[in-house]
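Encoded as C-alpha cells, the structure appears first; notes follow it.
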Amino acid sequence: MPCQESCQKDKVLNLASKGRAMVLQEALRKSEGCIFCCNKNKDTLLILASKHGHQNVVQILLDHFGCDYIEFFNKTGKRALHEAAQNNHPEIAEFLISKGASVDALKQGDWTPLMLAAEKQNLEIVELLVKYGADVTLTNKDGWNAFHIAARSGKVEVLEYLYSLDSELIETVSKNGRTPLHSAALNNCPEATSWLLQRGMSPNVADSSGLTPLMDGARMGHEKVCEILLSHGADVLQLDNLRRTTLHHVTQAGQLTMIHWCLNKAELALSKCGQSKDRVQRKDTKRADKKSSLRKPRSADETGTNNIKGNDKHYVNWKSEQGSTALHYAAKECRHQEIKLLLQAGADKNIADNFGRLPVAMTTHPDVQFLLQ
Numbered sequence: 000m001p002c003q004e005s006c007q008k009d010k011v012l013n014l015a016s017k018g019r020a021m022v023l024q025e026a027l028r029k030s031e032g033c034i035f036c037c038n039k040n041k042d043t044l045l046i047l048a049s050k051h052g053h054q055n056v057v058q059i060l061l062d063h064f065g066c067d068y069i070e071f072f073n074k075t076g077k078r079a080l081h082e083a084a085q086n087n088h089p090e091i092a093e094f095l096i097s098k099g100a101s102v103d104a105l106k107q108g109d110w111t112p113l114m115l116a117a118e119k120q121n122l123e124i125v126e127l128l129v130k131y132g133a134d135v136t137l138t139n140k141d142g143w144n145a146f147h148i149a150a151r152s153g154k155v156e157v158l159e160y161l162y163s164l165d166s167e168l169i170e171t172v173s174k175n176g177r178t179p180l181h182s183a184a185l186n187n188c189p190e191a192t193s194w195l196l197q198r199g200m201s202p203n204v205a206d207s208s209g210l211t212p213l214m215d216g217a218r219m220g221h222e223k224v225c226e227i228l229l230s231h232g233a234d235v236l237q238l239d240n241l242r243r244t245t246l247h248h249v250t251q252a253g254q255l256t257m258i259h260w261c262l263n264k265a266e267l268a269l270s271k272c273g274q275s276k277d278r279v280q281r282k283d284t285k286r287a288d289k290k291s292s293l294r295k296p297r298s299a300d301e302t303g304t305n306n307i308k309g310n311d312k313h314y315v316n317w318k319s320e321q322g323s324t325a326l327h328y329a330a331k332e333c334r335h336q337e338i339k340l341l342l343q344a345g346a347d348k349n350i351a352d353n354f355g356r357l358p359v360a361m362t363t364h365p366d367v368q369f370l371l372q
C-alpha cells in the first residue's frame, strides 16, 4: 500500500529523523498510510527515529502503529533494534526489546544487533543485549561471531566482557579459517592483538589459505602489530599454502617500509637458525590445537635458485608454488622503489618462475624493464 498523498511522505520522514515529536504526532493523525512511509533505503519512521536516538518519537510511533511495527525492516534487513544497537542508543534498545523486538534479529549477511554493537565498540549496548538474551555464539554468513567482530574493532573492554561469558569464543574460526587474532592484526588493533596473545592464541595460526596474522598485519603496513606478534613468537619465515613468504605479500601490497622490516627480521631469524639450516620452515598451524609440522621447501635443483645456507639472500629469492619471487611480484605491480630495494638486498633478476618467465617479463612498463635488464 503506497503512502497516501496527505501523508506528506518527505515531511514525516524528516520529522522522524529530526525528532520533532509533537509535529509528527499531528501528522500521523491525518493518515494511517504513514505506516508505510519510507525513504529510498526502505527505512521506516521507526528505523529512522531509532537510528538518530529520538526515544520520544519511537514511543509515539509504537503507540500509534502498534508493536508489530517493530519488526518492519529496510532493504538490508535492518530493524529498529539494529539501528539502536549500532548507533549506541541503549535507552531506545531497551525500550524496543520491552515492546517485543527480537534481540537476535538477523539483517542481511546474518548480522545480529549484538554484532553491530560489537563492531562499533558499544560496550553498554553489548551488555544490555546479553542481559536480554542475545546469543554470543551466533555467526554471520561468513562465520564471524561477535567476538571476532570485536577483535577487529579493537576495543579490549568488549573482548574481555564477551570472553568472561564464554572463554571458548577465543578458539572459534570463521568459514575460511580466520581467527580473532587475524582480525585484530589485519585491522591494526595492537591492544587487541596483545590481549589475544596473552590469553594463549598462537601467533602462527594460519587460515585456510595459510595466511598468518603476521602476513595480514605486514601486508597492511601495521608495523606495531607485527612487532607485537614477533615478540610472542610469530615466524617471519612461515609460508602460506602457495609457499609464499611474508615478503611476497608485502611486496605485492606495495608496503615499502614493511619490505625493509621483513628483510631485517628474516636476516635475524636465519642467523638464529644457524648456518647449517638451508630451508625456510613452514609450520602448519592452521589451528592452535593441531600439532605443528615442518615442510621443507624445494631444493635448489627444483627451484633453480642459489641455495645459500643460512643467508638472507635465500629468503629474498624464495620461490612460491608457481616459482615467483618477490621480485616477480614487484615487477608485475610496476613498483619501482620496491624493485630497487629488493635488488639492493640481493634479489636475483635472472631467476625464472615455473613458466620460464624472468621478472622483466612480468611488465610492459619501460622504466621497470630498464631496472630489470
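Numbering that gives the first Met the number 0 applies: residue 0 is where the sequence shown begins, and numbers increase by one.
From the three backbone atoms N, C-alpha and C, an ideal C-beta is built for every residue, glycine too.
Source: prediction; values computed, not measured.
Nearest-angstrom beta carbon gap, residue j and residue i [assumed within contact, 8 angstroms]
i: Ala84; j: Ala100; result: Incorrect: roughly 10 angstroms between the Cβ atoms, too far for contact.
i: Lys106; j: Gly76; result: 4 angstroms
i: Val135; j: Leu158; result: Their Cβ separation, rounded to whole angstroms, is 12 angstroms, which puts Val135 and Leu158 out of contact at 8 angstroms.
i: Gly176; j: Asp206; result: 4 angstroms
i: Leu60; j: Leu44; result: 6 angstroms
i: Leu128; j: Val155; result: 19 angstroms between Cβ atoms; not a contact.
i: Thr324; j: Lys318; result: 6 angstroms
i: Ile124; j: Asn73; result: So it is not a contact: roughly 19 angstroms between Cβ atoms.
i: Gly142; j: Lys174; result: 4 angstroms
i: Ile91; j: Ser49; result: 5 angstroms
i: Ile338; j: Val367; result: 7 angstroms
i: Gly209; j: Asn240; result: 4 angstroms
i: Leu341; j: Leu357; result: The pair is not a contact, with the Cβ atoms about 14 angstroms apart (cut-off 8 angstroms).
i: Ala26; j: Lys10; result: 7 angstroms
i: Ala344; j: Thr250; result: Between Thr250 and Ala344 the Cβ distance is about 11 angstroms, and since that is not below 8 angstroms, they are no contact.
i: Val440; j: Leu23; result: This structure cannot settle anything about residue 440, because the visible part of the chain is limited to 0 through 372.
i: Arg218; j: Ala252; result: 4 angstroms
Residue i - DSSP class collapsed to helix/strand/coil
i: Cys37; result: strand
i: Ala217; result: helix
i: Lys339; result: helix
i: Thr250; result: helix
i: Lys331; result: helix
i: Trp260; result: helix
i: Trp194; result: helix
i: Thr245; result: helix
i: His313; result: helix
i: Ser201; result: coil
i: Leu236; result: coil
i: Gln120; result: coil
i: Asn13; result: helix
i: Ala83; result: helix
i: Ala346; result: coil
i: Asp366; result: helix
i: Val22; result: helix
i: Ala150; result: helix
i: Arg28; result: helix
i: Cys188; result: coil
i: Asn55; result: helix
i: Val157; result: helix
i: Asp206; result: coil
i: Glu101; result: Checking the sequence shown, residue 101 turns out to be Ser, not Glu. Looking at Ser101 - three-state DSSP - the assignment turns out to be coil, as it is neither helix nor strand.
i: Tyr131; result: coil
i: Ala351; result: coil
i: Ser298; result: Confidence at Ser298 is low in this model, with a pLDDT of 28, below 50, so the placement of that residue should be treated as unreliable; the coordinate-derived value is given next. In the structure shown, Ser298 sits in coil (DSSP, three-state: anything other than H, G, I, E or B).
i: Ser166; result: helix
i: Ser323; result: coil
i: Asp62; result: helix
i: His88; result: coil
i: Phe72; result: coil
i: Leu137; result: coil
i: His231; result: coil
i: Lys375; result: Since the first and last residues shown for the chain are 0 and 372, residue 375 lies out of range.
i: Lys318; result: coil
i: Lys77; result: coil
i: Leu374; result: As displayed, the chain neither begins before 0 nor continues past 372, which places residue 374 out of reach and without an answer.
i: Leu180; result: helix
i: Leu357; result: coil
Bridge-paired residues (DSSP) for residue i
i: Thr171; result: The partner list for Thr171 (beta bridge, DSSP) is empty, contrary to what the question assumes.
i: Trp110; result: Lys106
i: Glu43; result: Glu is not the amino acid found at residue 43; the sequence shown has Thr there. According to DSSP, which records beta bridges pairwise, Thr43 is partnered with Cys37.
The segment 168-186 touching the segment 137-150, judged by at least three CB pairs closer than 8 angstroms: yes
Three-pair Cβ contact test at 8 angstroms for the segment 261-273 versus the segment 348-368: no
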